[in-house]
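Chemist:
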């Protein structure tokens, strides 16, 4: 019984970590898109 509970906890932890790393990579993608946009805009301005 204890083993099952342990597996459940590990699964939940793994899921949480997965979601955290997914949202981090999404944020990184957005950041690089914003950087690209800023670079494009400043290139046009000059």
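In full-length UniProt numbering, the protein residues as written are 1 to 46.
For each residue, glycine too, the CB sits at the ideal point set by N, CA and C.
Remember, it's a predicted structure, so these values are computed and weren't measured experimentally.
(1) Have a look at residue 21 and residue 35 and give me their C-alpha separation to the nearest angstrom.
(2) Which two residues bound the contiguous alpha helix (DSSP H) that contains residue 1?
(3) Where residue 46 and residue 33 are concerned, what is the direct C-alpha to C-alpha distance, given to the nearest angstrom?
(4) Using three-state DSSP, classify residue 46 as helix, strand or coil.
Modeler: For this structure:
(1) The sequence position of residue 21 within the chain shown is 21, counting from 1. The sequence position of residue 35 within the chain shown is 35, counting from 1. Spanning the two alpha carbons is a distance of roughly 21 Å.
(2) If you number the chain shown from 1, residue 1 lands on position 1. Element bounds for residue 1: n/a, residue is neither H nor E.
(3) Taking the first residue of the chain shown as position 1, residue 46 is located at position 46. Taking the first residue of the chain shown as position 1, residue 33 is located at position 33. Going by the C-alpha atoms only, they are around 20 Å apart.
(4) The count along the chain shown starts at 1 and reaches residue 46 at position 46. The DSSP-derived three-state label of residue 46 is coil.
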